[in-house]
Each structure stands twice: as structure tokens, then as C-alpha cells.
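In my numbering, the protein residues as written are 5 to 102.
Remarks on the structure that follows.
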């Protein structure tokens, strides 16, 4: 009986830890992601801007290059926090009635 309780408690602890870790990474529905926190996590060398290598991480290289190019407004091969934050401020496309 003690082994069963221990196993159940251990499983519950693992589940709670996993859920709390996911809660930190994903914003709740309706809330905007914390872009500054994401930027800081990506900025491995803490330089205040992102290089393509930092931005790419484990992403597909071609997709990362395209996204990086869209973010790098001044084309200096670095993405600042300001450029990174502005990505989410694009105007939505108008809806067309079909």
C-alpha cells in the first residue's frame, strides 16, 4: 500500500511540475505573450539584440531566415527588442465577404 501511495504522489508531483512549466511558456487564451521575456530568453549572449543564430535556435533554417528578415527592419543583421515587439503590432488584413 505504501508503494502505491508513493507512486501516486510521485506521478502527481511530476504532472504538477509539467503543467506549471507549460503554463509559464504558453500564454493563457486571450492574453498576449510576454514578448520581452521571450526576447530575453532568445538573447543568449545578453547583448540586447538577436542574431540569426540566436533567433533560429531549433527552428527550420529557411523559415527562421525569412522570419528574421521580416523582423530586421533596418537590415543590420540584428533584431532589437523594439523590432521584435513591433512584429506583433501588424495591422490585421481586412475581411472580405465572399
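All residues carry an ideal CB built from backbone N, CA and C; glycine is no exception.
Nothing here was measured: the structure is a model prediction, and the numbers come from that model.
Residue i, buried or exposed, once every other Cβ within 10 Å from all chains shown has been counted against 16
i: residue 53; result: buried
i: residue 64; result: exposed
i: residue 76; result: buried
i: residue 38; result: exposed
Proximity of residue i and residue j at Cβ, strictly below 8 Å
i: residue 57; j: residue 46; result: no
i: residue 73; j: residue 60; result: no
Contacts around residue i, its chain only, beta-carbon distance under 7 Å, and the 5 residues preceding and following it disregarded
i: residue 25; result: Any reading at residue 25 needs caution, since the residue's pLDDT is 43, under 50, leaving its predicted position unreliable; the model's value is listed next. Excluding sequence neighbours, residue 25 sits near nothing in its chain.
Sequence-distant residues of its chain with Cβ nearer than 8 Å to residue i (five each side left out)
i: residue 40; result: 85 and 89
Identity of the residues DSSP links to residue i by a beta bridge
i: residue 84; result: 53
Cutoff 8 Å: residue i Cβ touching any chain B Cβ
i: residue 78; result: Among the protein chains of the structure shown there is no chain B, as only one such chain exists.
Neighbourhood of residue i by C-beta, 6 Å cutoff - its chain only, sequence neighbours within 5 removed
i: residue 71; result: none
i: residue 91; result: 75
i: residue 48; result: 58
Take every Cβ of the region 80-87, pair it with every Cβ of the region 39-59, and state whether three or more of those distances are shorter than 8 Å. In short, these stretches touch, since the Cβ pair count reaches three.
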